[in-house]
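These protein sequence lines are chains Z and H, in that order.
Just so you know, we're using my numbering here: the first sequence kicks off at 1 and counts up by one.
Just so you know, we're using my numbering here: the second sequence kicks off at 1001 and counts up by one.
Note that the Cβ used here is the ideal one computed from N, Cα and C, for glycine as well.
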Amino acid sequence: MQDDLPIYGEIRVTTEARNDDFVVFDHVQKSYDGVSLVVKDLNLNIGKGEFLTMLGPSGSGKTTCLMMLAGFETATNGEIRLDGRNINLVPPHKRGIGMVFQNYALFPHMTVGENLSFPLEVRGMGKDEREAKVKRALDMVQMGSFINRRPAQLSGGQQQRIALARALVFDPALVLMDEPLGALDKQLREHMQFEIKHLHESLGITVVYVTHDQGEALTMSDRVAVFNDGKIQQLAPPADLYERPDNSFVAQFIGENNKLPGTIEELSGDKALVRLETGEVIDATPVNVTAKGQKTLVSIRPERVEFKPEMMPPGAHMIEATVLEVIYMGDILRARLRVAGSDDFVMKMRNTLGQTKLSPGQQIKVGWHPADARALDPM
Amino acid sequence: MTDASSQLTTADGRPLKAALAAAQSRARRRAFLLVAPLLLFVVVTFILPIGQMLQRSVYHDGFSNSAPALGEWFANNPDGSELDESAYAALATDLAQMKKDKTAGEAGTRINYTIPGTRSLFTSSARGADKLEPPYKEALLALDAKWGEPLVWQAMRQASSPWTSDFYLIATDRQRTADGGVEQVPENERIYLWLFGKTFVLSAVITFLCLILAFPIAHLLATLPMAKSNLLMILVLLPFWTSLLVRTTSWIVLLQGQGVVNNILVSLGVIGDDGRITMIYNQTGTIIVMTHILLPFMVLPLYSVMRTIKPSYARAARSLGATSWTTFRRIYLPQTLPGIGAGALLVFILAVGYYITPALVGGADGQLISNLIQFHMSKSNWSLAAALSAMLLAGVLVLYWLYDRLVGIDKLKLG
């Protein structure tokens, strides 16, 4: 996906600036029971200074990959390299990788200061230097005044900051985060996302972040690796992932999607006509379909569905739809439509002053820009 | 603020506190009734006997009941008064009364506790007491010269009140001098303090051995997958379900001179047939068997604490750069302290009061203080047995207090 350049200018893809193989997974496989593979032939290069997220449902192999990188699991086959060095046989404490755990794993019998001081102590650092570094790390997460508290006296968000500071206090070049925000409430989670992103940018560290929350992955990452079934389904910058999913799994996993099953009627370059099972013909962009007559699943984002003919490009197909319900959601209106025999086609409309009001039972026509409808493999 | 809240009333004008108490009284009454049987049981079977034991250790009326005249004389003549005719007259009166009531043996037994060998003095003197003629001093001294000994009179003076500290003196290897002072008994007669010391040292050794053996097992139990750890847990608990006597005797079978272990060692040629190791009927036997019997009491509290320590702590420490040894020492071990404390306290307290195992396998030098307590009970010296038990209880309470100061009782975790 490296040559797949970003389509939006503001998205930071610093391919040219970074050393592209700071972390390398080279044909890595992992099996726990010798019968099945949890990670199937993983190849992944992570650049220096990159924020890479491993996203996937539970059991998809993402956490196993992280644990192999941290050294808590050994790869059954293949090689993991860090900064050009094979680390397969390096024990975790010699890898120098910072790690933030899902449940923070702050040592309950130590104060915040002692927790942060621990990695420096085991590195044999002098007392003065330790204190200075601990103070700096705590100030970095705005927790300077909590140095003498115990973890149990802190709230979840505060513990998360301390865990973050502890993973950063010994200046690791690579920091791993295993669903670090999973236990926080929504508002705090969004705030911490911003803070982690900010720390990543200001410190220039490489972050490998594991989550099952797609929103988190999209807002924070330079690139996202979508995992399923032990394989990377797509590795791309967030916008690409959302706008141009490679396959049905990614399309479904990232954001909301309307799915219309059909058969390829016409295929010419980057345009395809798809005949739905109910007979209508729609426009789509072929992604992983190659031949006429092939079965396909067309995926369209709800916010890209239009019902006003004047908004459509000339010659675009529109199909019949029945409004089933309209839900008011504040910033948007969400309409559920019956399209091509399916009852769960969703259309999102901005809640603007002049927005046309739809009511249940109303007959409309919907369409979309061919680039927004992607003909994918049928699942 | 408190003024305002004390004035608060319910909607219909009753004081809020009274209304709250009334609303909850029914629930409280029911809760109390539920625990009442247990409370009653504990009072009858635990608190009352302990109270009685404590009382017995400072109360013995065997002599004071049957010697009222001497009691009066001691009350009128302070310590150090000359033993004149009036004292012997009182003694003769009491001896005559003892003969009549057949209580000379009881009174003699009480004095015998302080000065061994004096019981017969009372029984034989009482036999002819009603034929004694004044002057009583000469008559009694002629009957038995021991009546002139100041130590005997000192013992009688102490025993003339039923409340006494004599038994605690004996239990701490002390005795009274003729002038009412307190001194240590001769070195070759000191047994109790030494035995207390030995009991505590042996219990500490057993506790330490239990900890060393239980720690890895408990860790294994806490980290193994459920199916395997359940099986292991059954193996740990198996001794619990087996009779104490069976376990102890099977150790005898294993460890005795012609036992399994010695036979194997001899047949392997490790030791000669004449060099069989004495592993039982001595201190070694007590240590081995008690360690085995008390092991589960260490495993269970440790296990319950270790189960709650998440593996992510060790992982975090490792990722922060700690070696596995440092991780164990600085991260894992401190978190198991509540379990270590609970297990050690439990094993130690049980070991200090253990009776049956040392009695069966202890031989001569493997006996503990409880065996001596049992010995005095079998000889009906209840007061001394009670004094020794009270000292044992005090020792355990001191340890408990120390533990609370050092670790904190709230951190104790028994399961």
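Discussion item. Cβ closer than 8 Å: which chain H residues qualify as neighbours of Arg-123 (chain Z)?
Written reply: Those are Gly-1321, listed as they occur along chain H.
Practice prompt. State the Cα-Cα distance for the pair Thr-290 (chain Z) and His-369 (chain Z), rounded to the nearest angstrom.
Written response: Separation of Thr-290 (chain Z) and His-369 (chain Z) (C-alpha to C-alpha, rounded to the nearest whole angstrom) is 21 Å.
Worksheet item: On the three-state DSSP scale, how would you describe Glu-1106 (chain H)?
Response: Secondary structure of Glu-1106 (chain H) (DSSP, three-state): helix.
Worksheet item: For Tyr-1403 (chain H), which residues in chain Z fall below 9 Å Cβ to Cβ?
Response: Scanning chain Z for C-beta atoms nearer than 9 Å to the C-beta of Tyr-1403 (chain H) yields nothing, as the closest lies near 18 Å away.
Practice prompt. Pick helix, strand or coil for Arg-374 (chain Z), following the three-state DSSP scheme.
Written response: Arg-374 (chain Z): strand per DSSP, three-state reduction.
Practice prompt. Flag Glu-179 (chain Z) as yes when its Cβ comes closer than 7 Å to any non-hydrogen atom of the ligand NAP, and as no otherwise.
Written response: For the structure depicted, the ligand NAP is absent and the ligand set is empty, with no information on it obtainable.
Practice prompt. Assess, as a yes-or-no matter, whether the stretch 1281-1297 of chain H is touched by the stretch 1261-1272 of chain H under the definition of 3 or more beta carbon pairs within less than 8 Å.
Written response: As far as the Cβ criterion goes, the stretch 1261-1272 of chain H does not touch the stretch 1281-1297 of chain H, which means the pair count is below three.
Worksheet item: Is it the case that the Cβ atoms of Val-305 (chain Z) and Leu-358 (chain Z) are separated by a distance below 8 Å?
Response: In this structure, Leu-358 (chain Z) does not lie closer than 8 Å to Val-305 (chain Z) by Cβ.
Practice prompt. Run down chain Z in chain order and give the residues with a C-beta less than 8 Å from the C-beta of Lys-1310 (chain H).
Written response: The contacting residues are Asn-103 and Ala-105.
Fill in: Ile-97 (chain Z): contacting residues in chain H (beta-carbon distance under 8 Å)
Residues of chain H passing the Cβ test: Ser-1319.
Fill in: Contact the stretch 1054-1062 of chain H vs the stretch 1379-1392 of chain H: 3+ CB pairs below 8 Å
Per the Cβ contact rule, the stretch 1054-1062 of chain H is in contact with the stretch 1379-1392 of chain H (3 or more Cβ pairs under 8 Å).
Fill in: Rounded separation between Lys-271 (chain Z) and Leu-260 (chain Z) - CA only
Spanning the alpha carbons of Lys-271 (chain Z) and Leu-260 (chain Z) requires a straight line of approximately 17 Å.
Practice prompt. Put Gly-1285 (chain H) into one of helix, strand or coil per three-state DSSP.
Written response: If DSSP states are grouped into helix, strand and coil, Gly-1285 (chain H) belongs with the helices.
Worksheet item: Which same chain residues, not among the five before or five after Tyr-1192 (chain H), have their C-beta less than 6 Å away from its C-beta?
Response: Taken in chain order, the residues that qualify are Ala-1171 and Asp-1173.
Discussion item. According to DSSP, is His-369 (chain Z) part of a helix, a strand, or is it coil?
Written reply: Coil, per DSSP.
Discussion item. Less than 8 Å between CB atoms is the rule here; does Thr-1326 (chain H) satisfy it with respect to chain Z?
Written reply: Interface residue, yes.
Discussion item. For Leu-188 (chain Z), tell me which candidate among Z:Leu-44, Z:Val-23 and Z:Arg-161 has the shortest Cα-Cα distance.
Written reply: The residue from Z:Leu-44, Z:Val-23 and Z:Arg-161 with its alpha-carbon nearest to that of Leu-188 (chain Z) is Z:Arg-161.
Item to complete: Put Arg-1157 (chain H) into one of helix, strand or coil per three-state DSSP.
Response: Arg-1157 (chain H) sits in a helix when the DSSP states are folded into three classes.
Worksheet item: Would you call the CB atoms of Ser-1312 (chain H) and Ala-105 (chain Z) closer than 8 Å?
Response: Contact flag set, yes.
Item to complete: Could you tell me if Asn-115 (chain Z) is buried or exposed, where buried requires 16 or more neighbouring beta carbons within 10 angstroms of its beta carbon?
Response: Counting Cβ neighbours within 10 Å, Asn-115 (chain Z) comes out buried, since at least 16 surround it.
Worksheet item: Are the C-beta atoms of Tyr-1332 (chain H) and some chain Z residue less than 8 Å apart?
Response: Not an interface residue.
Worksheet item: Do Lys-384 (chain Z) and Glu-266 (chain Z) have their C-beta atoms closer together than 8 Å?
Response: Only positions 1 to 379 of chain Z appear in this structure, which leaves residue 384 (chain Z) out of reach.
Discussion item. Helix, strand or coil, according to DSSP, for Lys-308 (chain Z) in the structure here?
Written reply: When DSSP states are grouped into helix, strand and coil, Lys-308 (chain Z) belongs to the coil group.
Practice prompt. Provide the residue(s) that pair with Phe-1370 (chain H) in DSSP beta bridges, ordered along the chain.
Written response: It should be noted that the sequence gives Ser, not Phe, for residue 1370 (chain H). In DSSP, Ser-1370 (chain H) forms no bridge with anything.
Worksheet item: Do you know how far the Cα of Lys-365 (chain Z) is from the Cα of Phe-307 (chain Z)?
Response: In a straight line, the C-alpha of Phe-307 (chain Z) is about 6 Å away from that of Lys-365 (chain Z).
Discussion item. Can you tell me whether Lys-62 (chain Z) is buried or exposed? The criterion is at least 16 other CB atoms within 10 Å of its CB, across all chains shown.
Written reply: That one is buried.
Practice prompt. Taking only the alpha-carbon atoms, compute the straight-line gap between Thr-356 (chain Z) and Pro-245 (chain Z) and give it to the nearest angstrom.
Written response: Their Cα atoms are separated by approximately 31 Å.
Fill in: Whole runs of the alpha helix (DSSP H) within the stretch 1246-1278 of chain H, excluding any shorter than 4 residues
DSSP runs (the alpha helix (DSSP H)) wholly in the stretch 1246-1278 of chain H: 1260-1268.
Discussion item. Quick check: what's the CA-CA separation for Thr-1199 (chain H) versus Gln-1052 (chain H)?
Written reply: Taking the straight line joining both Cα atoms gives about 25 Å.
Worksheet item: Can you find a CB in chain H that lies within less than 8 Å of the CB of Phe-72 (chain Z)?
Response: Chain H contact via Cβ: present.
Discussion item. Please tell me whether Ser-221 (chain Z) and Phe-51 (chain Z) are closer than 8 Å, where the distance is taken between their beta carbons.
Written reply: The answer is yes: Cβ separation under 8 Å.
Practice prompt. Step through the CB atoms of chain H and report whether any lies within less than 8 Å of the CB of Asp-22 (chain Z).
Written response: According to the sequence shown, residue 22 (chain Z) is Phe rather than Asp. No, Phe-22 (chain Z) lies away from the interface with chain H (no Cβ there is under 8 Å from its Cβ).
Worksheet item: Which chain Z residues sit within Cβ distance under 8 Å of Arg-1315 (chain H)?
Response: Result: Ala-70, Phe-72, Pro-92, Met-99, Phe-101 and Ala-105.
Item to complete: Compute the Euclidean distance between the alpha carbons of Cys-1210 (chain H) and Ser-1243 (chain H), then round it to the nearest angstrom.
Response: The straight-line gap from Cα to Cα measures roughly 20 Å.
Worksheet item: What number of angstroms, rounded off, separates the C-alpha of Ile-1409 (chain H) from the C-alpha of Tyr-1403 (chain H)?
Response: Approximately 7 Å between the Cα atoms of the pair.
Item to complete: Would you mind reading off the limits of the alpha helix (DSSP H) that contains Asn-1076 (chain H)?
Response: 1068-1076 is the extent of the alpha helix (DSSP H) around Asn-1076 (chain H).
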